[in-house]
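Comments concern the structure below.
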Amino acid sequence: MPRPTFFDPSDLPTQDLYSQGVHFDGPNRTVIAAGQVGILPNGSIPQDSRKEVQQALLNVDKVLQAGGATIRDLVKLTILVVDFDYENAKILAEPIVEFLQTTYGVTARPTMTLILVPKLAVPQARFEVEATAVLPGKANIWREPEQQKGIPEVSGSLQCDVVVVGAGFSGIQAAADLHEAGLKVLVLEAKSRIGGRPLGWINKTTQPKIYALTQKFGLEVYRQYEVADLLQLIEALEKAQSEIDGNNPSAASKHHDISVEDWLQTNNFSEWAKQTMRHFTAAIVGRESRDLGLHYVLDYIKSGNGYLSLASEGEDGAQSLKVKQGTSAIAHGLARTLPPGSVLLNSPVQSIVQHAKRRVIVETTAGLAVQCSKVVVAIPTQTYDKIHFTPPLPLAKRAIVTRTQPAVYIKIILTYARPWWRELGLVGSFFSVKGPINFSWDTSDKAAGKHYSLALFSHGDSAASLGQLSSLQRETAVLEHLVELVGEEHRGAVLDVAEINQKEWLKEEYIEGGPTSTMRTGDYAKYSDALREVFGHIHFAGGELAYDWKGYLEGALRSGSRCAAEVVEDVKKAPVPSRL
Ligand SMILES: Cc1cc2nc3c(=O)[nH]c(=O)nc-3n(C[C@H](O)[C@H](O)[C@H](O)COP(=O)(O)OP(=O)(O)OC[C@H]3O[C@@H](n4cnc5c(N)ncnc54)[C@H](O)[C@@H]3O)c2cc1C
303 MPRPTFFDPS DLPTQDLYSQ GVHFDGPNRT VIAAGQVGIL PNGSIPQDSR
353 KEVQQALLNV DKVLQAGGAT IRDLVKLTIL VVDFDYENAK ILAEPIVEFL
403 QTTYGVTARP TMTLILVPKL AVPQARFEVE ATAVLPGKAN IWREPEQQKG
453 IPEVSGSLQC DVVVVGAGFS GIQAAADLHE AGLKVLVLEA KSRIGGRPLG
503 WINKTTQPKI YALTQKFGLE VYRQYEVADL LQLIEALEKA QSEIDGNNPS
553 AASKHHDISV EDWLQTNNFS EWAKQTMRHF TAAIVGRESR DLGLHYVLDY
603 IKSGNGYLSL ASEGEDGAQS LKVKQGTSAI AHGLARTLPP GSVLLNSPVQ
653 SIVQHAKRRV IVETTAGLAV QCSKVVVAIP TQTYDKIHFT PPLPLAKRAI
703 VTRTQPAVYI KIILTYARPW WRELGLVGSF FSVKGPINFS WDTSDKAAGK
753 HYSLALFSHG DSAASLGQLS SLQRETAVLE HLVELVGEEH RGAVLDVAEI
803 NQKEWLKEEY IEGGPTSTMR TGDYAKYSDA LREVFGHIHF AGGELAYDWK
853 GYLEGALRSG SRCAAEVVED VKKAPVPSRL
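So that you can map any letter, position 300 of the sequence shown is 602 in the numbering used here, and since no number is skipped, the others follow by simple counting.
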């Protein structure tokens, strides 16, 4: 029986009592949307009945999309109506037919049940609709985006030397290295695309691995808009780092671990320095200083070459360069180095069973079974519990899942026709400790011209509060905050926004947070070693498992290569058994 996955789309309000949607993955994916009324993003219900029906259907569409389905996959609608007017039934029927046929080109007639009710749970609502959609759950072979049409489906059982679970940067790099070492690799990716969380900035001087790939794949990089003033170096932080050795985390147990907040309180920092540090830690790992162990944070900062490196857009800084084609182009470049058919999309792995004689069976939710000798698990640690391991993961590994906390981050991109902030002499790097906007960057592609964008980030508590709001309330909150930051006299320019896009990482299926997963006080020395520990024939990769550049794309690539080298070394010692 497939396990249900309950979810809430980021642009609908989260309810305490119920989830907005649920999906079951088996040979087919079934997505069920909870009853939706015609509530607008501002919380009101349209007066006009036709508009109310349309809005309810739009809300159903949002839920289906968040569950990986569309209106075209509908098989059943259950409609609840208050004050049904038999004489005027077309007021109800027309918008439904128009929505299904004209907007979505649905030719089939989904099954429907109409129930007349005296009242609905939302008192002003007169129409509620619940929906079920079913779509094929078959795995697809990855191809270049432009060749996506008619992608062959894969089912049944397959064999290879190594299965890589997850086609993020760490997984795809591990696969490329394993292939180069002569092993037959199959990558199973849950989503319908590769690249995982392909976000952000890179650097030429201190992130040589990722920079070399941009050059290898002919990608263009450009400088972040301008170098902003760097924050003051907190010397004490750099000094404290010397107690931490990322290659030997358990040695940190010699030193007493405390939370970052307690460390700030016990040192004689100025209020400004404390605020800066709180903001900085939340910005890099998406959690507040009270929730973070000092040893964990010191190691994280050290792994990225120190505070100045992580905070900077300068040449040696983590935010130095953007990739013009988008960082996912690097993942595509790596996938291209694999033989065709080596990466399967829509293939969430649900179980990994290790049998005797180095026979491992990896099974996806769609029932595809792959037999192999080695597995690389390259997925975020917070999602390990979505896979059923037999035998079960060791206790320390499980503690990583239960004790670590994923980063809380929301990204909002505002696109403008005019770079109004540049016209005001600003570089677009806003910074606020109170939020909802905690920091921002000018992410305009200068060469492309025409459109200019600001990427606004909200993290930690600010992001958690923002996540409680409806989509429209969120947009309003960030626009109002931007007005507050630049001055009321520029309200017109701020509100003249052409497009707004939002991403809430905690609600992203198979990712469940990012950029990393964080550790609390005392956990760094106890559990860090377990992160990379091999479990039978299962090896582990991922951005949070990197020795250097933890939580960054460079770290994910390095971790993928480290893991692949580990597998190759093992295979050299005991060659993989014949595939037949
Ligand atoms: C808001 C934000 C900002 C960031 N900014 C930057 C930045 O500026 N610079 C930078 O270098 N990095 C940045 N990062 C971090 C970077 O994106 C990650 O460190 C990196 O993507 C991690 O790669 P990964 O391979 O470990 O995991 P992921 O990218 O998460 O890839 C894991 C893959 O596994 C798949 N998966 C999960 N479960 C399963 C399953 N059961 N079966 C099959 N597949 C599965 C997922 O769908 C995903 O594709 C940022 C991240 C976020 C969220």
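For each residue, glycine too, the CB sits at the ideal point set by N, CA and C.
Here the structure is a predicted model, which is why all the values come from computation and not from measurement.
Where does residue 759 fall in DSSP's three states? strand
Three-way DSSP call (helix, strand, coil) for residue 534 in this model: In this predicted model, residue 534 has a pLDDT of only 42, less than 50, meaning its place in the structure is not dependable enough to derive any value.
Under 8 Å between the Cβ atoms of residue 342 and residue 357? yes
Per DSSP, the bridge partner or partners of residue 841: 678
To which residues does DSSP link residue 664 through a beta bridge? 654 and 672
With a threshold of 16 other CB atoms inside 10 Å of the CB of residue 414, please say whether the residue is buried or exposed. exposed
Out of 543, 318 and 605, which one is the CA nearest neighbour of residue 849? 605
For residue 525, write down the residues that DSSP places opposite it in a beta bridge. 623
Please indicate yes or no: does the CB of residue 613 lie closer than 7 Å to some heavy atom of ligand 1? no
Would you mind stating whether residue 337 and residue 355 have Cβ atoms separated by less than 8 Å? no
Secondary structure at residue 510, three-state DSSP: helix, strand or coil? helix
Taking just the CA atoms, how far does residue 633 sit from residue 859? 10 Å
Residue 845 CB to nearest heavy atom of ligand 1 below 7 Å: yes
Distance check for residue 582 and residue 766, CA to CA, integer angstroms please. 17 Å
Considering only the beta carbon of each residue, do residue 710 and residue 589 sit closer than 8 Å? yes
Quick one: is residue 574 buried, meaning 16 or more other Cβ sit within 10 Å of its Cβ, or exposed? exposed
Compare the Cα-Cα distances from residue 585 to each of 817, 318, 316 and 543 and report the closest residue. 817
Considering just the uninterrupted stretch of the alpha helix (DSSP H) at residue 612, what are its terminal residues? 609–613
Return yes when the Cβ of residue 420 is within less than 8 Å of the Cβ of residue 383, no when it is not. no
Inside the region 761–792 only - alpha helix (DSSP H) runs reaching at least 4 residues: 762–769 and 773–788
Figure out for me which residue from 869, 332 and 824 has the closest Cα to the Cα of residue 595. 824
Taking the straight line between their C-alpha atoms, what separation do you get for residue 833 and residue 815? 18 Å
Cβ-based neighbour list, residue 703, same chain, cut-off 7 Å, excluding 5 preceding and 5 following: 683, 684, 686 and 687
From which residue to which residue does the alpha helix (DSSP H) around residue 354 run? 351–368
Label residue 305 either buried or exposed according to how many other C-beta atoms from any shown protein chain fall within 10 Å of its C-beta, with 16 as the threshold for buried. exposed
Give a single yes or no on whether residue 807 has its beta carbon closer than 7 Å to a heavy atom of ligand 1. yes
At least 3 beta-carbon pairs within less than 8 Å: the region 705–720 vs the region 689–696: no
Residue closest to residue 713, alpha-carbon to alpha-carbon, out of 370, 745 and 397: 745
Can you give the Cα-Cα distance for residue 754 and residue 788, rounded to whole angstroms? 17 Å
Is the separation between the beta-carbon of residue 435 and that of residue 366 shorter than 8 Å? yes
Compute the distance between the beta-carbons of residue 546 and residue 463, then report whether it is under 8 Å. no
Which residues bound the alpha helix (DSSP H) around residue 598? 596–605
Does the region 723–742 come within contact of the region 756–772, defined as at least 3 CB pairs closer than 8 Å? yes
Between residue 525 and residue 484, what straight-line distance do the alpha-carbon atoms span, to the nearest angstrom? 38 Å
Let me know the secondary structure DSSP gives residue 745 once reduced to three states. coil
If you check the beta carbons only, do residue 665 and residue 656 fall under 8 Å apart? no
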